[in-house]
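Report on one structure; see the data block that follows.
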Amino acid sequence: MSFEVARRIRTVPADVLHVGLGVPYLASTIGFAIALAAILVLWYASERTLSIHSITTPRRELFYWATVLTTFALGTAAGDLTAMTFGWGYLLSGIIFAAAIAVPALTFRTGTLSAVAAFWTAYVITRPLGASFADWMGVSHDRGGLGLGTGPVTAAWAGLIVVLVGYLAITRADTEPAGR
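In terms of the numbering used here, the sequence shown opens at residue 10 and continues consecutively.
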């Protein structure tokens with residue numbers, strides 16, 4: 010699968026609604042947020058957990074992938090909402106989402122938010138965060154971007170992710186020692 014195809018898979022639902030059907034980004038953002046909430050409520054009602062560590066059955070995996078795909082659409086819609094509808098541009102939107110992602114980390118550290126809730130909150134915020142910075146790097150100068158092109162930006166980020174995941178797989182720096 011090409012990098013462009015992979016990028017389109019995560020942006021098509023929001024783009025089709027806005028560009029193809031004329032649905033405002035505010036409406037699609039709210040709609041995808043409601044859909045995500047419904048999936049999480051159904052998942053929890055069905056399985057009594059939202060922990061990614063408990064995804065051990067086909068049904069839990071289906072809930073997980075439904076959540077992931079919905080967060081892709083929500084992230085695209087929310088990132089475009091702030092960048093274009095609110096007029097913040099891609100860079101400022103990315104900075105705001107970068108600040109927002111600190112909230113679940115801080116509330117988890119203070120004991121205000123559970124690990125599972127902190128994970129899913131941060132996970133959802135990663136979508137518009139990544140989309141905003143990727144759009145800023147990829148789109149043309151006249152659209153407020155760096156003009157690097159979506160293909161090269163996607164390839165560069167994919168390469169960085171592969172390196173980081175490889176590093177963690179080899180070093181296991183993200184796991185706790187046995188016996189803790």
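We put the beta carbon where it would ideally sit given N, CA and C, even for glycine.
Please read all numbers here as calculations on a predicted model, not as lab measurements.
Where Trp145 sits in the DSSP three-state scheme: Trp145: helix per DSSP, three-state reduction.
Cβ neighbours of Gly98 in the same chain (closer than 8 Å, five flanking residues each side left out): Ala92, Trp145 and Gly153
Cβ distance (whole Å) where Thr85 is taken to contact Ala44 below 8 Å: With a Cβ gap of about 13 Å, Thr85 and Ala44 do not count as contacting.
Whole runs of the beta strand (DSSP E) within the segment 37-111, excluding any shorter than 3 residues: Listed in chain order, there is nothing to give.
Option nearest Leu49 by Cα separation, candidates Trp74, Val162 and Ala140: Trp74
As assigned by DSSP and simplified to three states, the class of Val162: helix
Beta carbon of Ile110 nearer than 8 Å to that of Ala131: yes
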